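Chains as they are written, first to last, in my numbering: chain A, 1262 to 1374; chain B, 12 to 128. Yeah, the Cβ is synthetic: ideal placement off N, Cα and C, and Gly gets one too. Computed from a predicted structure; not experimentally measured.
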Amino acid sequence: QKEVEQNSGPLSVPEGAIASLNCTYSDRGSQSFFWYRQYSGKSPELIMFIYSNGDKEDGRFTAQLNKASQYVSLLIRDSQPSDSATYLCAVLISSGSARQLTFGSGTQLTVLP
Amino acid sequence: DGGITQSPKYLFRKEGQNVTLSCEQNLNHDAMYWYRQDPGQGLRLIYYSQIVNDFQKGDIAEGYSVSREKKESFPLTVTSAQKNPTAFYLCASSTGGAWRGASYEQYFGPGTRLTVT
């Protein structure tokens, strides 16, 4: 079982709609969760992080965390064509004193004008 | 401006040659990381360093080597032992550390696209 799983998509939504991106993880001890956006041919850009159960909002983006269900999601409201990218979920996993991010394989989002 | 730089942006090498990818940061971050990304795939951790003069293997360290002699610099050498070196290589940094309250948000450089023929 992969440690961090995402639906690879592609996910298509019309402009102005809400895009919902989902991620599940296997390590119950994980404490920190990150969403990155990656445009084609570019490096990942951090857009959100969340540490506590519940919702965290930043502009059009909302991250939702449910540790009991081992589930984290990213909602993008009023989706724009410029939001078309691959979204990577990352989970901080601790092993002894070492802490490293484990990434999912990403969900490709297309926002249709 | 603070940030992470990687050079070169594109690199071409012949099979059997070692090649070194540069990564420099001026964010005063303690931790630095190297990832590899293949087409349509997520990021896989090659090596990471949480402090100067110390580094740890990630999930796919075979065929790679690193050094961390300065806080700002974390070069990656792709050796001839790496069987499939053609990939997009990404360097990242974070404030890191093992102390309580440490920040683990990682910020990425622009990447180096390596092609080996």
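- Would residue 35 of chain B count as contacting chain A if we go by Cβ distances under 8 Å? Along the second sequence, one-based indexing puts residue 35 of chain B at 24. Cβ-Cβ to chain A under 8 Å: no for residue 35 of chain B.
- List, in order along the chain, the chain B residues whose C-beta lies closer than 9 Å to that of residue 1272 of chain A? Translated into the one-based positions of the first sequence, residue 1272 of chain A becomes position 11. By Cβ distance, chain B contributes nothing, its closest Cβ being about 15 Å from residue 1272 of chain A, past 9 Å.
- Could you name the residues that DSSP lists as bridge partners for residue 1281 of chain A? In the first sequence, residue 1281 of chain A corresponds to position 20, counting from 1. According to DSSP, residue 1281 of chain A bridges with A/1336.
- Query: By the criterion of Cβ-Cβ separation under 9 Å, what are the contact partners of residue 1291 of chain A in chain B?
  - Reply: As a working mapping, residue 1291 of chain A is identified with position 30 in the first sequence. Residues of chain B passing the Cβ test: none, with the nearest at roughly 11 Å.
- Could you give the distance in angstroms between the alpha-carbon of residue 1307 of chain A and the alpha-carbon of residue 1349 of chain A? By one-based count along the first sequence, residue 1307 of chain A stands at place 46. By one-based count along the first sequence, residue 1349 of chain A stands at place 88. One C-alpha to the other measures close to 9 Å.
- Message: I want to see whether chain A comes within less than 8 Å of residue 50 of chain B, judged by CB atoms only; does it?
- Response: Walking along the second sequence from the start, residue 50 of chain B turns up at place 39. Not an interface residue.
- the region 81–89 of chain B in contact with the region 23–41 of chain B per 3-pair CB rule at 8 Å: yes
- If we ignore side chains and look at the alpha-carbon of each, how far apart do residue 117 of chain B and residue 1286 of chain A end up? Within the second sequence, the letter at position 106 stands for residue 117 of chain B. Within the first sequence, the letter at position 25 stands for residue 1286 of chain A. Rounded to the nearest angstrom, the two C-alpha atoms are 19 Å apart.
- Message: For residue 1389 of chain A, count the other beta carbons within 10 Å of its own beta carbon; 16 or more makes it buried, fewer makes it exposed. Which is it?
- Response: As shown, chain A starts at 1262 and ends at 1374. That puts residue 1389 of chain A outside it, with no answer to give.
- Item | Beta-carbon contacts of residue 1281 of chain A that lie in its chain and below 7 Å, excluding the five residues immediately before and after | As a position in the first sequence, residue 1281 of chain A is number 20, starting the count at 1. If we look at residue 1281 of chain A and ignore the five residues flanking it on each side, its Cβ neighbours are 1334, 1336.
- Quick one: Cα of residue 1277 of chain A to Cα of residue 87 of chain B, how far? Locating residue 1277 of chain A in the first sequence gives position 16, where the first residue counts as 1. Locating residue 87 of chain B in the second sequence gives position 76, where the first residue counts as 1. Their backbone Cα atoms lie some 43 Å apart in a straight line.
- Counting Cβ pairs, one atom from each stretch, are 3 or more of them under 8 Å apart for the region 1356–1370 of chain A and the region 20–30 of chain B? no
- Item | Per DSSP, cross-strand counterpart(s) of residue 1266 of chain A | Here the question's residue 1266 of chain A lines up with position 5 in the first sequence. Answer is A/1285.
- According to DSSP, which residues form a beta bridge with residue 1203 of chain A? Outside the displayed range of chain A (1262 to 1374) lies residue 1203 of chain A, so it cannot be described from this structure.
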